[in-house]
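Numbering (this note's numbering), first residue to last: 15 to 452.
One structure below.
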Ligand SMILES: *[C@@H]1O[C@H](CO)[C@@H](O)[C@H](O)[C@H]1NC(C)=O
Ligand SMILES: *[C@@H]1O[C@H](CO)[C@@H](O)[C@H](O)[C@H]1NC(C)=O
Ligand SMILES: *[C@@H]1O[C@H](CO)[C@@H](O)[C@H](O)[C@H]1NC(C)=O
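This is the structure:
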């Protein structure tokens with residue numbers, strides 16, 4: 015038997031202490047979860063495949079190994095001229111970024127089976143959900159005195175708070191997430207985009223007058239704080255149908271009034287996000303997260319991800335302050351090479367482009383199990399998907415499935431999780447989930 019010798023550093027929940035664990039072959043030391051040789055082999059394959067994938071699809075990016083199979087650094091070519099300065103420190107963006115593949119696989123694979131819309135069921139099931147959580151999703155919620163008057167809190171949230179999840183994992187087959195990059199005007203992606211089962215757009219992105227570049231179809235729209243306050247303008251953007259509006263931050267009294275009085279007939283929901291740490295806070299990533307939670311495959315268009323970045327422009331307005339373009343490009347390339355998304359851009363415009371060196375589903379699944387164990391995630395190593403539930407509560411009775419013709423994949427998934435709904439729990443150290451079960 016070949017001995018696999020590998021060193022892993024893993025930080026304790028507190029983030030204070032880091033301990034080194036040496037795992038040699040399949041030996042188990044001191045109650046640390048045993049990692050099977052096949053799983054380690056999957057991590058090794060993921061790691062080596064990843065470097066080849068970045069080299070062949072990254073347009074000049076290079077991934078180099080770090081101290082273990084989890085650790086990689088994505089580097090830009092030396093002659094890359096960073097243009098973006100951190101407004102706080104005045105420092106130019108760097109040319110190399112370290113990523114933890116194990117953490118990325120463990121967390122993003124979990125997203126695919128999670129519900130990312132805030133529901134009343136979730137708040138009710140969360141211990142002290144109304145006192146500790148609900149008010150955070152209401153603008154100026156601090157004034158609500160931790161929802162002491164629960165009726166008042168519920169009133170403020172009621173227009174955006176469904177009882178139970180409006181969508182289930184795998185509900186859609188192929189989805190496209192459309193960013194707002196000015197790069198979109200370089201390629202006529204319109205028809206291609208309209209061919210997806212669901213299309214997700216962001217903020218005030220117009221469709222009219224740009225359809226040959228951005229398509230006509232629009233299913234969801236993710237809104238940051240600013241756009242959500244102009245909900246009436248956003249609702250007018252898509253006159254041929256009704257997009258579902260997803261608010262990333264908080265519900266605002268102005269929004270409530272608009273929904274009631276204008277009225278806004280689009281469904282409006284608040285997004286419930288997993289925690290990815292500082293790397294993944296932007297609207298673009300949140301949009302990908304939502305798409306991955308309801309779609310089998312996710313393709314991205316309109317993100318600034320090609321070499322030669324000069325300034326951040328939107329396809330429908332003058333250039334403006336973007337943020338961390340190089341870090342973003344490296345992160346999206348990581349996502350592509352983990353098989354989470356496919357990138358379409360002016361330099362990757364061929365719809366038949368094949369992403370080479372993608373990991374197989376079975377490699378990803380085994381690598382996810384190994385990562386869960388290494389990172390000490392809740393439910394690590396258990397076959398039962400509900401082992402990842404940190405909190406389990408009984409479901410309120412669901413209406414008979416109101417989605418007619420639920421896709422086979424979605425129905426199969428429901429069977430796999432025994433009808434449970436799994437929600438991400440913010441700041442849970444082991445990434446345990448909140449689950450509601452029939
Ligand atoms: C709680 O809020 C509701 C709705 O605004 C209001 O009708 C009720 O009087 C409030 N109750 C208390 C005890 O303040
Ligand atoms: C589209 O173009 C027309 C004519 O130039 C203009 O009146 C309209 O406001 C534009 N629509 C959008 C959404 O920009
Ligand atoms: C997600 O669900 C699928 C079945 O739909 C299952 O094969 C997969 O292992 C699950 N992934 C995680 C991370 O639980």
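Note that beta-carbon positions come from the ideal geometry of N, C-alpha and C, so glycine has one too.
Contact test: residue i Cβ vs ligand 3 heavy atom, cutoff 6 Å
i	result
residue 399	yes
residue 427	yes
residue 347	no
residue 223	no
residue 430	yes
residue 117	no
residue 185	no
residue 135	no
residue 127	yes
residue 456	Only positions 15 to 452 of the chain appear in the structure, and residue 456 is not among them; the question remains open.
residue 124	yes
Cβ separation of residue i and residue j, assumed to be a contact under 8 Å, to the nearest whole Å
i	j	result
residue 144	residue 164	5 Å
residue 329	residue 446	Between residue 446 and residue 329 the Cβ distance is about 40 Å, and since that is not below 8 Å, they are no contact.
residue 128	residue 438	5 Å
residue 429	residue 119	Actually they do not touch by this definition, with Cβ atoms about 24 Å apart.
residue 427	residue 184	5 Å
residue 307	residue 130	4 Å
residue 139	residue 448	6 Å
residue 278	residue 285	In fact, because the Cβ distance is near 17 Å, the residues do not count as touching under 8 Å.
residue 230	residue 208	6 Å
residue 282	residue 261	7 Å
residue 378	residue 123	7 Å
residue 96	residue 74	Between residue 74 and residue 96 the Cβ distance is about 14 Å, and since that is not below 8 Å, they are no contact.
residue 442	residue 404	6 Å
residue 152	residue 171	7 Å
residue 488	residue 116	Missing from the structure shown is residue 488; the chain here goes from 15 to 452 and no further.
residue 408	residue 451	6 Å
residue 257	residue 233	6 Å
Residue i: CB within 6 Å of a non-hydrogen atom of ligand 1
i	result
residue 166	yes
residue 163	yes
DSSP beta-bridge partners of residue i
i	result
residue 272	The partner list for residue 272 (beta bridge, DSSP) is empty, contrary to what the question assumes.
residue 110	89
residue 450	407, 435
residue 282	259
residue 309	186
residue 78	87
residue 13	Outside the displayed span of the chain (15 to 452) sits residue 13, for which this structure offers no information.
residue 99	106
heavy atom of ligand 2 below 6 Å from residue i C-beta
i	result
residue 159	no
residue 220	yes
* Asked: Going along the chain, which unbroken runs of the beta strand (DSSP E) with 3 or more residues stay wholly within the stretch 202-243?
  -> Runs of the beta strand (DSSP E) inside the stretch 202-243: 212-216, 234-237.
* Asked: What are the uninterrupted segments assigned as alpha helix (DSSP H) that are 4 or more residues long and contained completely in the stretch 313-372, given in chain order?
  -> Scanning the stretch 313-372 for uninterrupted alpha helix (DSSP H) segments of 4 residues or longer gives 339-351, listed from N- to C-terminal end.
* Three or more beta-carbon pairs under 8 Å between the stretch 57-68 and the stretch 329-340, yes or no? -> The stretch 57-68, when compared against the stretch 329-340, does not touch it at the 8 Å Cβ threshold.
* To do: Check whether the stretch 178-190 touches the stretch 304-312, taking contact to mean three or more Cβ pairs, one atom from each stretch, closer than 8 Å.
  => Touching, yes.
* Cβ contact (3+ pairs, closer than 8 Å) linking the stretch 236-243 and the stretch 388-398 -> With a cut-off of 8 Å, the stretch 388-398 and the stretch 236-243 do not count as touching, because too few Cβ pairs lie within range.
* Complete alpha helix (DSSP H) runs within the stretch 122-200 (minimum length 4 residues, chain order) -> Whole alpha helix (DSSP H) segments, 4+ residues: 134-139, 164-171.
* **Cβ contact check for the stretch 319-326 and the stretch 351-366: 3 or more pairs under 8 Å** => They touch, by the three-pair rule.
* Is the stretch 103-112 in contact with the stretch 216-233, if contact means three or more CB pairs nearer than 8 Å? -> The stretch 103-112, when compared against the stretch 216-233, does not touch it at the 8 Å Cβ threshold.
* Count the CB pairs spanning the stretch 199-210 and the stretch 178-185 that are closer than 8 Å, and state whether there are at least three. => The stretch 199-210 makes no contact with the stretch 178-185; the number of CB pairs closer than 8 Å stays below 3.
* Asked: Hey, is the stretch 214-223 in contact with the stretch 250-265, meaning 3+ C-beta pairs nearer than 8 Å?
  -> Yes, since at least three Cβ pairs between the stretch 214-223 and the stretch 250-265 fall closer than 8 Å, the two stretches touch.
* Which residue spans inside the stretch 378-403 form an unbroken beta strand (DSSP E) run of at least 3? -> Here no run is fully enclosed.
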